[in-house]
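Participant:
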Amino acid sequence: MMPYLIFIAVPLLVLAGFLALVSFEERRGSRIILAGQRYRLDLTVARISFVVKHVDWGAFINDLVRTSVERATHDIAHMALVAVRALERQLTQVVRTLRARRDQPLLAPRADRPSRIQTAISYVKKTVQRSRKAPPVIQSEERAQ
Numbered sequence: 018m019m020p021y022l023i024f025i026a027v028p029l030l031v032l033a034g035f036l037a038l039v040s041f042e043e044r045r046g047s048r049i050i051l052a053g054q055r056y057r058l059d060l061t062v063a064r065i066s067f068v069v070k071h072v073d074w075g076a077f078i079n080d081l082v083r084t085s086v087e088r089a090t091h092d093i094a095h096m097a098l099v100a101v102r103a104l105e106r107q108l109t110q111v112v113r114t115l116r117a118r119r120d121q122p123l124l125a126p127r128a129d130r131p132s133r134i135q136t137a138i139s140y141v142k143k144t145v146q147r148s149r150k151a152p153p154v155i156q157s158e159e160r161a162q
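Residue numbers 18 to 162, in the working numbering, belong to the letters of the sequence shown in order.
Below, the structure is given as structure tokens:
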């Protein structure tokens, strides 16, 4: 119960103190506490209230929405352009590589080393020659004698 009384009494005391200060300053004709800051605050509040009263809020919101949409559209178009250019660079690189491969002359067999076909043919020839020179196979009956 006591915290509730504190939460009610403190704002009432602050309000009473404020009203007493305002009545004292009115009788005196000048501000006493934080006069400079309060004058600046009064000027700022006066400017804000002037702007709030004299601004065409419909036109302001319309202009704000229009410029925001234009900016978002510009940013989206820019991102799409950057993506297309990156893809274009990749495709250009692929085309360059493919053209370089196509335009290269076929590799001629090197003189110091025979091609694979020549190696295979010579292997077959040597195998056939070795098989002709092989000794006849002795049958097991002939060995026994």
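Where is the CB? At the ideal position from N, CA and C, for every residue including glycine.
Since we're looking at a predicted model, the values are computed, not measured.
Measuring only the C-alpha atoms, how far is Pro-28 from Asn-79?
Facilitator: In the sequence shown, counting from the first residue as 1, residue 28 sits at position 11. In the sequence shown, counting from the first residue as 1, residue 79 sits at position 62. Rounded to whole angstroms, Pro-28 to Asn-79 spans 42 Å at the Cα level.
Participant: I need the DSSP call for Asp-120, collapsed to helix, strand or coil.
Facilitator: The residue you call residue 120 lines up with position 103 of the sequence shown. Helix, per DSSP.
Participant: Measuring straight from C-alpha to C-alpha, what distance separates Arg-45 and Val-62?
Facilitator: Start at 1 with the first residue of the sequence shown, and residue 45 comes out as number 28. Start at 1 with the first residue of the sequence shown, and residue 62 comes out as number 45. Taking the straight line from one Cα to the other gives about 24 Å.
Participant: Taking the straight line between their C-alpha atoms, what separation do you get for Trp-74 and Val-68?
Facilitator: As a position in the sequence shown, residue 74 is number 57, starting the count at 1. As a position in the sequence shown, residue 68 is number 51, starting the count at 1. Spanning the two alpha carbons is a distance of roughly 10 Å.
Participant: Taking Ala-52 as the reference, give the member of Arg-64, Leu-38, Ile-65 with the closest Cα.
Facilitator: To locate residue 52, count along the sequence shown from 1; it is residue 35. Nearest of Arg-64, Leu-38, Ile-65 to Ala-52, Cα basis: Leu-38.
Participant: Terminal residues of the continuous alpha helix (DSSP H) containing Ser-66?
Facilitator: The count along the sequence shown starts at 1 and reaches residue 66 at position 49. First-last of the alpha helix (DSSP H) with Ser-66: 52-71.
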